[in-house]
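Enquirer: Residue numbers (my numbering): 176 to 346. Don't be surprised by glycine CBs; every beta carbon is placed ideally from N, CA and C.
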Amino acid sequence: MHQQGFSLIELLMGLAIAAIVLPWAGSGYKALVESTERDAAARLLASGLRSARSEAITRNRTVTIQGIDNDWSQGWQIMLDGDDQTLLTQHSRHARIIGNGPVKHSVRFGSQGEPLLPSGAFQAGTLHICARQKPVSHHQVVLSRSGRVSLRSEETEQALCEKDLKQGANA
Numbered sequence: 176m177h178q179q180g181f182s183l184i185e186l187l188m189g190l191a192i193a194a195i196v197l198p199w200a201g202s203g204y205k206a207l208v209e210s211t212e213r214d215a216a217a218r219l220l221a222s223g224l225r226s227a228r229s230e231a232i233t234r235n236r237t238v239t240i241q242g243i244d245n246d247w248s249q250g251w252q253i254m255l256d257g258d259d260q261t262l263l264t265q266h267s268r269h270a271r272i273i274g275n276g277p278v279k280h281s282v283r284f285g286s287q288g289e290p291l292l293p294s295g296a297f298q299a300g301t302l303h304i305c306a307r308q309k310p311v312s313h314h315q316v317v318l319s320r321s322g323r324v325s326l327r328s329e330e331t332e333q334a335l336c337e338k339d340l341k342q343g344a345n346a
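Following this line, the structure appears as structure tokens:
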């Protein structure tokens, strides 16, 4: 007589192997998803900064791009200065984005496309796209003195990412 199907022993062995292998596959998949989210957030942010600069030049007006509720990780808004008209809102909750001092909350582009502080001094800085659980910056959106926006993908330890992690743990 020819038997079809699996025996109980074969079924249990298959389940045991699956129970051992699935956690490894799950963590790898989670890391892939997080990496993709960081990459997308970095590209969107660089594009948003370029759009804000372009709007400032096109309209011959000062344009500000700022983090929603002063937090780049929640997304950003592009607004015309003076009348606070919002041109674009981009929401993002998938990546931790932290800016150094000059670009911590916002970037303001003058009518010639140059980034300016409210005092009129030039504004330049770096926005770091950090890992969720480590003090590591995987991507950097760099704003130069001339207003040029560049995207770098260098994995480096970053004190701003570490500081933000500690604040999140204490909250």
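1. In terms of alpha-carbon separation, which member of Thr239, Leu263 and Ile273 lies closest to Pro293?
2. My output table needs one value for Leu292: the three-state DSSP class, helix, strand or coil.
3. Within 10 angstroms of the Cβ of Gln181, are there 16 or more other Cβ atoms? Answer buried if so, exposed if not.
4. Looking at C-alpha atoms only, which residue of Ala217, Met188 and Ser281 is the closest neighbour of His313?
5. Whose C-beta lies closer than 7 Å to the C-beta of Glu230 among residues of the same chain, with five residues either side of it excluded?
6. Taking C-beta to C-beta, are Glu212 and His303 nearer than 8 Å?
7. With distances taken from CA atoms, which of Arg327, Val311, Leu291 and Gln308 is nearest Ala227?
8. Helix, strand or coil, according to DSSP, for Ser325 in the structure here?
9. In terms of alpha-carbon separation, which member of Gln308, Gly257, Arg307 and Arg323 lies closest to Gln298?
10. Using three-state DSSP, classify Asp259 as helix, strand or coil.
11. Kindly list the residues whose CB is nearer than 8 Å to the CB of Gly285, restricted to its own chain and excluding five residues on each side of it in sequence; keep chain order.
Expert: In terms of the structure at hand:
1. Scanning Thr239, Leu263 and Ile273 for the CA closest to the CA of Pro293 turns up Thr239.
2. coil
3. In the sequence as displayed, the identity of residue 181 is Phe instead of Gln. Phe181 comes out exposed.
4. Of Ala217, Met188 and Ser281, the residue nearest in Cα terms is Ala217.
5. Val238, Ile253 and Leu262
6. no
7. Leu291
8. strand
9. Arg323
10. coil
11. Answer for Gly285: Ala231, Thr237 and Leu291, listed in chain order.
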